[in-house]
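Participant: My structure is below; once you've seen it, I'll send some questions.
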Amino acid sequence: MILLMMHLKHIKESYLKIDFMKPNGFQVVSEASKETLLRKYWNVPDKQIQSSVVLMNEPSCI
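Below, the structure written as structure tokens:
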């Protein structure tokens, strides 16, 4: 399982990064899973959690 966390400042930037990763088997995880994963694997403030996206290459592992 590979997790990627991206802090996104601009909507256009976020779509470009997500679209780039999807052909490589990554999918955006749900909001609930995102918060759980961010708190488990990264130490990020609550404000950053709100503006972050987590992609996972094996979403069935959640």
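Everything in the sequence shown is counted per our numbering, starting at 102 for the first residue and increasing by one.
Glycine is no exception: its CB is placed at the ideal position from the N, C-alpha and C atoms.
(1) May I ask you to report which of helix, strand or coil DSSP gives S134?
(2) Based on the DSSP output, what are the partners of V129 in its beta bridges?
(3) Helix, strand or coil: how does DSSP classify P146 here?
(4) Note down the Cα distance separating V154 from P124, rounded to an integer number of angstroms.
(5) I believe E159 touches I150 by the beta-carbon criterion, under 8 angstroms. Please report the beta-carbon distance rounded to the nearest angstrom.
Facilitator: According to the structure data:
(1) Assigned with DSSP and collapsed to three states, S134 falls in helix.
(2) Secondary-structure assignment with DSSP links V129 through a beta bridge to L156.
(3) Coil.
(4) C-alpha separation (whole angstroms): 17 angstroms.
(5) The beta-carbon separation of E159 and I150, rounded to 21 angstroms, does not stay under the 8 angstroms limit for a contact.
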